[in-house]
């Protein structure tokens, strides 16, 4: 895989995780389930790929982690969005919207090139 | 959500078990997946398989996450470490500002120690470590004959011709030349340079070009100006190329000006201009082949050639040369050396002396650190409670020690900065006080080497005075300390040991000071064998063009004119002034000596003298006669020898009438007509050495010093110069100097050494005394209660004083004995090199310990007296 592909995928994963956490803390499995559900299985992401992204974002300070006991007495790591993470997500959304707007203008314009 | 500082978040990474956490997280994911699939109707095995498929490569994920975690932990600990350092620096600064008197005293002590060290190091750096200015020194090496001697031209050209590993080789020789720039004749110190000089050194030219004259090609009289001369004498005229100037009465064309950075190929030299070696016959009259013998040579090695390979090749060339050339004086060795700092012949004695000085200032620094360490120990005792509490709350000892060390580092840096500033001031003052000679260029201004050295000293000092007190203050055995009073036994022992050590070092330093001073004083008292007071030296240069007959006549006219000046008692001529640092040596074969081994031919120093030399200089002729009017070129060639020569070469026999060959087995035959009293020729401390005098009228030299004895109290400088010029108006006005000034230069190193040692000794004494005072005061303060009880029980004041003194002086006496032992050891070593030094000298055995003990007594007595005057009731309540 080329480096740019990896960056793109990582970036997409980051946005996915951040968005998933806007509804509240979740563990890695829950995030994977959510991704699978909302795209009705259209997007199959390798679930394991979430974890490097989760750990990197934790070190960057975009998400925070907390250990809880699951109902089956298992140690489970729950992640939650931080202020920095919220801000990062908002920036992503804004730049995406700008891109979409620009593309829209290009695709619907009636002006001819000279 | 309150903003958590990142570094605190990292703490969680640092202390957890990352591997176990990762395993748990993966396990939780898998189990959750399996559970939910099973709940959806799948079988357990199918569910497991499907969960694994959806997850992906577990091991790869695990490895990648582990890598991310450890990188994060590393960054975290680095960040943590930096954060700790920042905190510690602030904490240290705050602690020090809360104890300003301690900080001030400690900073001053460190400033003294570091300042002295940086001063000496700056001087050494300027002399020994700096590269040649303005020269690309990549692959450049000096070449010496027989360890540190310069080459002669035939040797240099032989190597140039026959070496394959030496890409190019050049030589430089500085000498005074008569020039005429503005119409007035003058003497300027300039240099001859061999072919390819500027090109080999890759000197950047400011104007014009470098010359490229074959060394044997006569007639090309060109000159390259030095940048300084171009600025001062030619007003930095950009049209100077093509102009001419007169050198030794010939026209020389200026072809270029050297770049601003360049001085010379010899470190410390700064000749005013360069002429090709080929012009040496035009300027001095001698040919290239028998030119002096002292070209300072530099070689540029072929790229890739190693020093070892070149040295081997030079050794081969040297032996080939010795075999091929039978007039050579036996074997000689060629040596490669680097191009930093002064020449090898100066470097060795300089390096020895500087090693000595550096050791002394390091001792001073150790004493200063001992002072601060003692103060830190006392402070540490006071902070025991704080440290004990922090240790009990879980702080690691390492962390606390780091914190205390950082505090010590702040102190060391503050003191070090003060010391460095003082050092720069002292070095600048020394530079200004040095005699200014235009042909010498030395710079002692600080460069990054000096700053690095200062930084190193600060760090070393921190460890020296900070580590043990820090360890002491944070040692884990708490419970006793929380209850202990400040009269703890083993802490007192540490402090007393420190004081003892300081005293030992101080006695050592004082002892060395005493020895150096004694050596200097004794040197001054040595009879130099001449009467220097009242003799004025005039440097005459008759130029190369004159015939010997004309030159002799000129000297005779000058002597007559000089004698006619009122106040003049006697006139003499000499090629060299005594004790001036220059000497000439020649091989001799005395009558009756059979030479079997060419390398064992005896050598002697000599001088060419004229006029009434011996009476002018106050040297008695004990046998035979002085030179006189009868000694002309046509008559018998004669020589006067000194007593040591007579004793060595013709023991027990009258030397008058004996002959010797001057210059070697084939040299000129000279007959001994007189024996002169021994004198000092090269240095005050030299051993008896043979010396011969040759008459000027039989060995004409174009450059002589007129040595004129004048009556005391007469100022005749201008009249003397006039007299010389009247003998020949075309001569440049001679430089005039009293002989005693020149001789004083011979004593300069001894004087400087004694002066510096005195300064170090004084500083060491000051530091040691303040250290002792501090420790005794502290000890007295700690025993206030005990003293109060004793006084209340009827002890007299003198008994109290005696008690304190006894305790305090015990370590001082011990240290004095050790220091004395060390000083005696040093004296034994020095007695072989320095004049007038003996291990049994009373100045050493009594002076140094005496000085220290009296100061120590004073330092102890003041607090002791205070202790005795303490009101017992107050003392007992204070604890």
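Chains as they are written, first to last, in the numbering used here: chain A, 1 to 114; chain B, 1001 to 1879. Don't be surprised by glycine CBs; every beta carbon is placed ideally from N, CA and C. Note that the coordinates shown come from a computational prediction; the quantities given were computed from them, not determined experimentally.
CB of residue i within 8 Å of CB of residue j, strictly
i	j	result
residue 1302(B)	residue 1161(B)	no
residue 1272(B)	residue 1226(B)	yes
residue 1656(B)	residue 1673(B)	yes
residue 1622(B)	residue 1677(B)	yes
residue 1245(B)	residue 1223(B)	yes
residue 1872(B)	residue 1804(B)	no
residue 1671(B)	residue 1659(B)	yes
residue 1109(B)	residue 1436(B)	no
residue 1771(B)	residue 1403(B)	no
residue 1069(B)	residue 1018(B)	yes
residue 1696(B)	residue 1573(B)	yes
residue 1836(B)	residue 1522(B)	yes
residue 1571(B)	residue 1665(B)	no
residue 25(A)	residue 92(A)	no
residue 1439(B)	residue 1174(B)	yes
residue 1213(B)	residue 1202(B)	no
residue 1255(B)	residue 1209(B)	yes
residue 1320(B)	residue 1144(B)	no
residue 1241(B)	residue 1453(B)	no
residue 1341(B)	residue 1129(B)	yes
residue 1305(B)	residue 1165(B)	yes
residue 173(A)	residue 31(A)	Past the edges of chain A, shown from 1 to 114, lies residue 173(A), and the structure says nothing about it.
residue 1218(B)	residue 1281(B)	yes
residue 85(A)	residue 54(A)	no
Contacts that residue i makes with chain A (C-beta to C-beta distance below 7 Å)
i	result
residue 1054(B)	47
residue 1041(B)	The premise fails here: residue 1041(B) is roughly 17 Å from chain A at the closest Cβ pair, so nothing lies under 7 Å.
residue 1064(B)	52
Contact set between residue i and chain A, taken where Cβ atoms lie within less than 8 Å
i	result
residue 1050(B)	Simply none; closest approach about 11 Å.
residue 1061(B)	48, 49, 51, 52
residue 1068(B)	52, 55, 56, 59
Closer than 9 Å at the beta carbon, the chain A residues around residue i
i	result
residue 1338(B)	Those within 9 Å of residue 1338(B) in chain A number zero; the least Cβ separation is about 49 Å.
residue 1058(B)	48
* Asked: Can at least three beta-carbon pairs, one atom from the stretch 1680 to 1688 of chain B and one from the stretch 1609 to 1624 of chain B, be found at a separation below 8 Å?
  -> no
* Touching by the beta-carbon criterion (3+ pairs, under 8 Å), the stretch 1111 to 1130 of chain B and the stretch 1386 to 1398 of chain B -> Three or more Cβ pairs closer than 8 Å define a contact, and the stretch 1111 to 1130 of chain B falls short of that threshold against the stretch 1386 to 1398 of chain B.
* **Any 3 or more C-beta pairs closer than 8 Å across the stretch 1505 to 1517 of chain B and the stretch 1352 to 1369 of chain B** => yes
* To do: Quick one: which unbroken beta strand (DSSP E) runs of 3-plus residues sit fully inside the stretch 1111 to 1190 of chain B? Chain order, please.
  => 1140 to 1145, 1166 to 1180
* Asked: Between the stretch 1866 to 1876 of chain B and the stretch 1523 to 1535 of chain B, do at least 3 Cβ pairs fall closer than 8 Å?
  -> No: fewer than three Cβ pairs fall under 8 Å.
* Determine contact between the stretch 1535 to 1555 of chain B and the stretch 1845 to 1856 of chain B, defined as no fewer than three beta-carbon pairs at a distance below 8 Å. => No: the two stretches stay apart, fewer than three of their Cβ pairs being nearer than 8 Å.
* Is the stretch 1588 to 1606 of chain B close to the stretch 1547 to 1560 of chain B, with three or more CB pairs under 8 Å? -> no
* **Length-filtered (4 minimum) alpha helix (DSSP H) runs lying within the stretch 1362 to 1431 of chain B** => Within the stretch 1362 to 1431 of chain B, the complete alpha helix (DSSP H) runs of at least 4 residues are 1384 to 1392.
* Select from the stretch 48 to 80 of chain A all residues with a C-beta closer than 7 Å to any C-beta belonging to chain B, and list them in chain order. => 48, 49, 51, 52, 55, 56, 59, 61, 70, 74, 75, 76, 77
* When you check each C-beta in the stretch 18 to 36 of chain A against every C-beta of chain B, which residues fall closer than 7 Å? -> 27, 28, 29
* To do: Give a yes or no on contact between the stretch 1120 to 1133 of chain B and the stretch 1274 to 1283 of chain B, applying the rule of three or more CB pairs nearer than 8 Å.
  => no
* For the 8 Å Cβ check, are there 3 or more pairs between the stretch 1642 to 1662 of chain B and the stretch 1703 to 1717 of chain B? -> Result no; under three Cβ-Cβ pairs closer than 8 Å.
* Sufficient close CB pairs (3 or more, under 8 Å) joining the stretch 1716 to 1729 of chain B to the stretch 1575 to 1594 of chain B -> no
* Write down every uninterrupted run of the beta strand (DSSP E) in the stretch 1228 to 1258 of chain B whose length is 3 residues or greater and which is fully enclosed by it, in chain order. => The stretch 1228 to 1258 of chain B contains these whole beta strand (DSSP E) runs: 1244 to 1247, 1250 to 1258.
* Interface residues of the stretch 1024 to 1036 of chain B facing chain A [CB-CB below 9 Å] -> Per Cβ criterion, the list reads 1024, 1025, 1026, 1027, 1028, 1029, 1030, 1031, 1032, 1033, 1035, 1036.
* **Entirely enclosed alpha helix (DSSP H) segments - the stretch 25 to 79 of chain A, minimum 4 residues** => As far as the stretch 25 to 79 of chain A is concerned, its whole alpha helix (DSSP H) runs of at least 4 residues are 28 to 38, 50 to 60.
* Quick one, which residues of the stretch 1070 to 1084 of chain B are near chain A if we go by CB-CB under 7 Å, in chain order? -> Residues passing the 7 Å Cβ filter: 1072.
* Short-range partners of chain A found in the stretch 1763 to 1793 of chain B, where Cβ spacing is below 9 Å -> From the stretch 1763 to 1793 of chain B, no residue has a Cβ closer than 9 Å to chain A.
* **At least three beta-carbon pairs within less than 8 Å, the stretch 46 to 57 of chain A to the stretch 1053 to 1067 of chain B** => yes
* **Complete beta strand (DSSP E) runs within the stretch 1330 to 1361 of chain B (minimum length 3 residues, chain order)** => 1334 to 1337
* Mind the definition here: the stretch 1393 to 1408 of chain B touches the stretch 1465 to 1477 of chain B only if three or more C-beta pairs lie below 8 Å; say whether that holds. => yes
* To do: Assess, as a yes-or-no matter, whether the stretch 1142 to 1160 of chain B is touched by the stretch 1178 to 1193 of chain B under the definition of 3 or more beta carbon pairs within less than 8 Å.
  => no
* Asked: Counting pairs of beta carbons, one from the stretch 1132 to 1141 of chain B and one from the stretch 1372 to 1381 of chain B, are three or more of them closer than 8 Å?
  -> As far as the Cβ criterion goes, the stretch 1132 to 1141 of chain B does not touch the stretch 1372 to 1381 of chain B, which means the pair count is below three.
* Asked: Which runs of the alpha helix (DSSP H) fall wholly inside the stretch 1549 to 1629 of chain B and span at least 4 residues, in chain order?
  -> Inside the stretch 1549 to 1629 of chain B, DSSP marks whole alpha helix (DSSP H) runs of 4 or more residues at positions 1613 to 1617, from first to last along the chain.
* Okay, do the stretch 1449 to 1466 of chain B and the stretch 1410 to 1421 of chain B touch, 3+ Cβ pairs below 8 Å being the bar? -> Taking 8 Å as the limit for Cβ pairs, the verdict is that the stretch 1410 to 1421 of chain B does touch the stretch 1449 to 1466 of chain B.
* Asked: Quick one: any contact between the stretch 1128 to 1139 of chain B and the stretch 1256 to 1268 of chain B, if contact means 3 or more CB pairs under 8 Å?
  -> yes
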